[in-house]
Amino acid sequence: MAFKSVRTKLVVICTLCVLVTGLVPFLFFEARFFRLEEERIAQRARDVATKVSIPLTRSLWDYDESTVILVLETLMRDPDLVRVRIILPDGAGEFYPAADPNASDVELSEVDFIRIPLIYSVFDNKEVLGHLEVGYTTDRAYTDVWTRVFVDAFIFLLILSTLGGGAAIAINRTIGRPLKLLSTSIDEMAYQKKPVLVKWRSDDELGQTVEAYNNMLITIDQHDRALTEAKESAEIANRAKTSFLANMSHELRTPLNAIIGFSEILMKEDDYKVDQKRREEYLGYIFEAGSSLMTMVTDIQQISRLESAEAGLQDEELDVSDEVLNCVRALDLRASDEGVLVECSIQDDLPYLRTNAQGFKQIIINLLNNAIHFTPREGRVDVTALYDPYSGLSIRFSDTGTGIKEEDLPFVTDPFWKSDEEAEERSGLGLSIVKAIIERNQGSLSIESEPDKGTSVTINFPVDRLIDRASLLQQTASASS
Numbered sequence: 003m004a005f006k007s008v009r010t011k012l013v014v015i016c017t018l019c020v021l022v023t024g025l026v027p028f029l030f031f032e033a034r035f036f037r038l039e040e041e042r043i044a045q046r047a048r049d050v051a052t053k054v055s056i057p058l059t060r061s062l063w064d065y066d067e068s069t070v071i072l073v074l075e076t077l078m079r080d081p082d083l084v085r086v087r088i089i090l091p092d093g094a095g096e097f098y099p100a101a102d103p104n105a106s107d108v109e110l111s112e113v114d115f116i117r118i119p120l121i122y123s124v125f126d127n128k129e130v131l132g133h134l135e136v137g138y139t140t141d142r143a144y145t146d147v148w149t150r151v152f153v154d155a156f157i158f159l160l161i162l163s164t165l166g167g168g169a170a171i172a173i174n175r176t177i178g179r180p181l182k183l184l185s186t187s188i189d190e191m192a193y194q195k196k197p198v199l200v201k202w203r204s205d206d207e208l209g210q211t212v213e214a215y216n217n218m219l220i221t222i223d224q225h226d227r228a229l230t231e232a233k234e235s236a237e238i239a240n241r242a243k244t245s246f247l248a249n250m251s252h253e254l255r256t257p258l259n260a261i262i263g264f265s266e267i268l269m270k271e272d273d274y275k276v277d278q279k280r281r282e283e284y285l286g287y288i289f290e291a292g293s294s295l296m297t298m299v300t301d302i303q304q305i306s307r308l309e310s311a312e313a314g315l316q317d318e319e320l321d322v323s324d325e326v327l328n329c330v331r332a333l334d335l336r337a338s339d340e341g342v343l344v345e346c347s348i349q350d351d352l353p354y355l356r357t358n359a360q361g362f363k364q365i366i367i368n369l370l371n372n373a374i375h376f377t378p379r380e381g382r383v384d385v386t387a388l389y390d391p392y393s394g395l396s397i398r399f400s401d402t403g404t405g406i407k408e409e410d411l412p413f414v415t416d417p418f419w420k421s422d423e424e425a426e427e428r429s430g431l432g433l434s435i436v437k438a439i440i441e442r443n444q445g446s447l448s449i450e451s452e453p454d455k456g457t458s459v460t461i462n463f464p465v466d467r468l469i470d471r472a473s474l475l476q477q478t479a480s481a482s483s
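If you want it as structure tokens, here you go:
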């Protein structure tokens, strides 16, 4: 199981490489040292024998036995020499040092011998007086060599351990740890069901692999979040569609029931004894229900076009001041009939607005209609238009009407929304259409309200939808001339 780890395999391979690359030169140099040491001992034995051959030759010629024995004993003091003797010619005898050569523990088979002739020159004649035989061994050299081998081997193993340990630490740091972090990340993701990034940075290939792995996890997580959000949006849209269809069915059913009911009465007016006055009243109800139904269908079609981006609306430069004043004048009669005072305050030299004229008018009419409708008699509606070079164009509709509860404010722009207490009052598509048109112009809609104190609706158009009045008038004059 241990060798299944990449780190273990790399450490073993690194150790073997260090061992092989270090052991081969080590063995080569030690073998060479053995050979050189043997040659040195042999050459030394030969040199010593050659040096003493001259005094030994003279002593033998003089037959000075004591001097010969003394020289031989001196040679035996050399630690590398284990046997020394002089062999006389024709079996005349041998000379040995005082010590018994047979007392040596060294086997003769382990001893190497050098034989040097002892030649004495007399009247141009060379007479061989004998042969000096020197036996030497390499045991001491081997002992020294093995001692050195053990010391060198210890140093080599120490170096190998240091290199192996350093290699293990380096491999674990540079290779093992990121691999372990990757494995841990994969295991944690299996349990947590969410991406677990690997905290590792380096400029090598493993660092690039870890970075690519983290980027892959981030991309997958972003895709998962996008899919989740898309699923939630689809579910919300589906619920909104279901709610819209249910509300629309209810809103359509109400005027249709009125049309069918009053039509049936008129069809059977003899049975119901309907006089002329009631007939006119019922026809008025039918006309009002039909008009309401037509308005509702038109609004639904407009919302559908706006949401599907098929409105085909053409933008143009509108004079905001004139458009707002025209809309206020158009609803003056209704406001007077309901006893509501409408006041208009417009900042001078408002910039022109690049938008669709019909859509802008519908925004003003719908918001002003709502303000008048939900304001009691002797109430007041204020329309204010202001321009700020940073925030853009703002148009505010404030009334002193019934107001809206705080918890109902997020829902008032939903199609066919109705509060529980005023189901017959707050319903329809007016604010939904207003919101859709404003969003098409990259604007915003905000509503502030307090029950029994009134409501303020503010619409804002961004600066990039506005055109400076003076510049536009100058361009128009230049084009006309």
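The working numbering puts the sequence shown at residues 3 to 483. Quick reminder that beta carbons are idealized off the backbone N, C-alpha and C, glycines included. On a predicted model such as this, the values are computed, not experimentally measured, just so you know.
To the nearest whole angstrom, what separates the beta carbons of residue i and residue j, a pair I think is in contact under 8 Å?
| i | j | result |
| --- | --- | --- |
| Val414 | Ile439 | Not really, about 16 Å apart at Cβ, beyond 8 Å. |
| Glu271 | Arg281 | 7 Å |
| Ile118 | Thr59 | Contact doesn't hold; Cβ gap of about 10 Å is too wide. |
| Leu468 | Leu395 | 6 Å |
| Ile374 | Ala387 | About 18 Å separates the two Cβ atoms, so there is no contact after all. |
| Val212 | Val200 | 5 Å |
| Ala236 | Cys16 | Not confirmed; about 57 Å, so no contact. |
| Thr457 | Gly405 | 6 Å |
| Leu355 | Leu320 | 5 Å |
| Asp82 | Tyr138 | 5 Å |
| Asn372 | Gly432 | 6 Å |
| Val436 | Asn368 | 5 Å |
| Glu75 | Pro99 | 4 Å |
| Phe158 | Phe36 | About 17 Å separates the two Cβ atoms, so there is no contact after all. |
| Val385 | Val330 | 6 Å |
| Gly24 | Leu208 | So it is not a contact: roughly 28 Å between Cβ atoms. |
In whole angstroms, what is the alpha-carbon distance linking residue i and residue j?
| i | j | result |
| --- | --- | --- |
| Ala155 | Ala33 | 14 Å |
| Pro453 | Glu234 | 34 Å |
| Glu318 | Ser204 | 58 Å |
| Leu352 | Gly381 | 28 Å |
| Gln513 | Arg336 | Any property of residue 513 remains undetermined from this structure, which presents the chain solely from 3 to 483. |
| Asp80 | Ile43 | 11 Å |
| Val383 | Phe463 | 21 Å |
| Gly95 | Arg48 | 23 Å |
| Ser434 | Asp416 | 6 Å |
| Lys363 | Val344 | 17 Å |
| Leu370 | Asp277 | 39 Å |
| Ser294 | Asn216 | 59 Å |
| Arg442 | Ile348 | 24 Å |
| Glu340 | Thr377 | 9 Å |
| Arg379 | Lys455 | 14 Å |
| Leu18 | Val136 | 47 Å |
| Phe264 | Gln316 | 42 Å |
| Ile171 | Leu165 | 10 Å |
| Leu62 | Met78 | 19 Å |
| Ile261 | Lys279 | 18 Å |
| Val54 | Leu134 | 9 Å |
| Glu39 | Leu160 | 26 Å |
| Glu129 | Glu41 | 31 Å |
| Ser123 | Thr145 | 42 Å |
| Leu131 | Asp114 | 23 Å |
| Glu502 | Asn240 | With the chain covering only 3 through 483, there is no way to say anything about residue 502. |
| Glu408 | Ser446 | 19 Å |
| Tyr193 | Lys182 | 17 Å |
Applying the 10 Å Cβ sphere with the 16-neighbour rule, what's the burial state of residue i?
| i | result |
| --- | --- |
| Ala228 | exposed |
| Phe30 | exposed |
| Ala51 | buried |
| Tyr65 | exposed |
| Met566 | Residue numbering for the chain in the displayed model covers 3 to 483; residue 566 lies beyond these limits and cannot be assessed. |
| Asp223 | exposed |
| Phe97 | buried |
| Asp390 | exposed |
| Tyr284 | buried |
| Val465 | exposed |
| Phe399 | buried |
| Thr402 | buried |
| Ser451 | buried |
Discussion item. Quick check on the DSSP output: what are the complete beta strand (DSSP E) runs of length 3 or more inside the segment 196-229, in order along the chain?
Written reply: none
Worksheet item: Can we say the segment 279-294 touches the segment 318-337, given the rule of at least three CB pairs closer than 8 Å?
Response: no
Worksheet entry | the segment 81-90 contacting the segment 146-153, beta-carbon criterion three pairs below 8 Å | no
Discussion item. So, does the segment 169-181 touch the segment 68-76, judging by three or more C-beta pairs under 8 Å?
Written reply: no
Discussion item. To test your reading of the DSSP string, which unbroken alpha helix (DSSP H) runs of 4 or more residues are found completely within the segment 135-180?
Written reply: 141-173
Worksheet item: Residue ranges of each beta strand (DSSP E) run of no fewer than 3 residues wholly in the segment 367-407, ordered along the chain?
Response: 382-390 and 394-401
Fill in: Contained alpha helix (DSSP H) runs [length at least 4] in the segment 18-90, N- to C-terminal order
67-78
Worksheet item: Can you list, in chain order, the stretches of the beta strand (DSSP E) that have 3 or more residues and sit fully within the segment 313-361?
Response: Whole beta strand (DSSP E) segments, 3+ residues: 318-320, 343-348 and 354-357.
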